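Only one structure is covered here, and it is reproduced in the block below.
Residue numbers (mature numbering (1 follows the signal peptide of the UniProt record, and there is no 0)): -20 to -1, 1 to 134.
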């Protein structure tokens, strides 16, 4: 029993003299903090940026050139839309509007929506796009059938 008391006494003196890590320096003078800022990022030359922009715009330029070669002009497109029935025009524009809404949803996902919110909205928009797309393609098919075979009019 005496040995136990002696061991506890030695242990208590040892623990009293040892401070917790970091306590002794808590209120003392601290070393100066020296910040090292990152070096500014190097930008590519302007010609590289301009070539990249041209590369991104190239498919659109090729699309417009292809339409021009096929004879699709804004006047012809507007004229063909005006000659169609109102239901076919509405079905085509509703499909295009649905596609625009999906693109707007992707923009919102990029800016502030999370993935689960985007998937919820996209599930609704994809059903609408499927239905309106099916109707729009039916209108286009009927128009092609009328132009290829004048006897088959519906």
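From the three backbone atoms N, C-alpha and C, an ideal C-beta is built for every residue, glycine too.
Just so it is clear, the structure is predicted and the values come from calculations on it, not from any experiment.
**Report entry** Pairwise C-alpha distance: residue 7 and residue 13
**Finding:** Taking the first residue of the chain shown as 1, we reach residue 13 at position 33. Taking the first residue of the chain shown as 1, we reach residue 7 at position 27. Going by the C-alpha atoms only, they are around 16 Å apart.
Query raised in the report: Going by beta carbon distance, what residues of the same chain come within less than 7 Å of residue 101, once the five residues before and after it are set aside?
Result: Translated into the one-based positions of the chain shown, residue 101 becomes position 121. These residues qualify, in order along the chain: 85.
Requested in this report: Return the CA-CA distance between residue 62 and residue 55, expressed in angstroms with no decimal places.
Outcome: Translated into the one-based positions of the chain shown, residue 62 becomes position 82. Translated into the one-based positions of the chain shown, residue 55 becomes position 75. Looking at the two C-alpha atoms, the distance is approximately 11 Å.
Query raised in the report: For residue 71, is the classification buried or exposed, using 16 other Cβ atoms within 10 angstroms of its Cβ as the cut-off for buried?
Result: Locating residue 71 in the chain shown gives position 91, counting from the first residue. With 16 or more other Cβ atoms within 10 Å, it is buried.
Requested in this report: Flag this pair as yes or no: are the beta carbons of residue 38 and residue 75 separated by less than 8 Å?
Outcome: Numbered from its first residue, the chain shown carries residue 38 at position 58. Numbered from its first residue, the chain shown carries residue 75 at position 95. Contact flag unset, no.
Query raised in the report: Taking just the CA atoms, how far does residue 123 sit from residue 109?
Result: Against the chain shown, residue 109 aligns to sequence position 129. Against the chain shown, residue 123 aligns to sequence position 143. If you take the alpha carbons of residue 109 and residue 123, they lie about 21 Å apart.
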